[in-house]
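Accompanying notes for the structure given below.
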Amino acid sequence: MKLIVGLGNPGSKYEQTRHNIGSMALDRLAAELGCSFDRARFDAQTAEARIGDEQVLLLKPVTFMNLSGRSVGPAVSFFKLTPSDVMVVHDELDLPPGAVRFKLGGGSAGHNGLKSVTQYVGADYVRLRLGIGKAPPGWDTAVYVLGRFGADERPIVEGQLDLAVEGIRMWVEQGLQPAMNEIHRRQKESR
């Protein structure tokens, strides 16, 4: 079994915001897999599906971003998963808008959602980093990440979400290195 976590904040106030792009990716994946977030457990909305031969649990914490580990930790324990069975999909200020990058382990780069997950499951889980770019000059970072995508950003986000879903599926079916290589290749070719 694989656990795929989409970080974000719950509630309509935060829908379609930059900080919720991880959650948006899981919504896109669930739609593609024909499943829905119809069960509440582990302080999260969950959906179950299969990708290839693998059972997957999609998990969107409802604990607010900074407490995401309170949701992820119990799910990892319940299913007796290792960190390498877990992927966390999240927004990344240090990548340009539209970028999709895999990373195994490492620090949080100031991302409070990742800090919380690491506190509960250790640092050696897979991250799928979705670039949102840095706040424009003069903007407060918190205001920027909690802001909604503008109309000019929507086409970039749509393509990014499609590529993220492909990357997730590749990770489940083929493993980290092949997925990482293929997504990197596709992004390099599209420049």
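Going by the numbering used here, the sequence shown opens with residue 1, and the numbers climb by one from there. Idealized CB from N, CA, C, for every residue including glycine.
Membership of Glu92 in the beta strand (DSSP E) is indicated by the continuous run Val86 to Glu92.
Around the CB of Pro137, fewer than 16 other CB atoms lie within 10 Å, so the residue is classed as exposed. Under the DSSP assignment, Val5 falls in the beta strand (DSSP E) whose first and last residues are Lys2 to Gly6.
Cβ atoms of Leu7 and Gly113 come within 8 Å of each other, at about 4 Å. According to the DSSP secondary-structure assignment, Leu95 is paired through a beta bridge with no residue. If you check the CB distance, Leu67 and Val145 do not come in under 9 Å. Taking every protein chain shown into account, the CB of Gly131 has 16 or more other CB atoms within 10 angstroms, so this residue is buried. Shown here for Lys60: same chain residues with a beta carbon closer than 7 Å to its own, the five before and five after excluded, namely Gly6, Gly8, Ser23, Leu26, Phe37, Ala44 and Gln45 in chain order. Contact between Met87 and Ile168 holds: CB atoms are separated by about 7 Å, below the 8 Å threshold. DSSP places Phe102 in the strand class (E or B) of the three-state scheme.
Following the DSSP letters along the chain, one finds Val56 inside the beta strand (DSSP E) bounded by residues Glu54 to Pro61. Note on Phe78: under 16 other CB atoms within 10 angstroms of its CB, so exposed under the neighbour-count rule. Bridge partners of Gln45 according to DSSP: Ala40 and Lys60.
Val89 and Glu54 have their alpha carbons spaced roughly 18 Å apart. Gly131 carries a strand assignment under DSSP once its states are collapsed to helix, strand and coil.
Annotated as proximal: Arg39 and Ala47, with beta-carbon spacing under 9 Å. If you ignore the 5 residues before and after Tyr14, its C-beta comes within less than 6 Å of the C-beta of Asn20, all in its own chain and listed in chain order. Distance from the CA of Ile51 to the CA of Met170, rounded to the nearest whole angstrom, comes to 9 Å.
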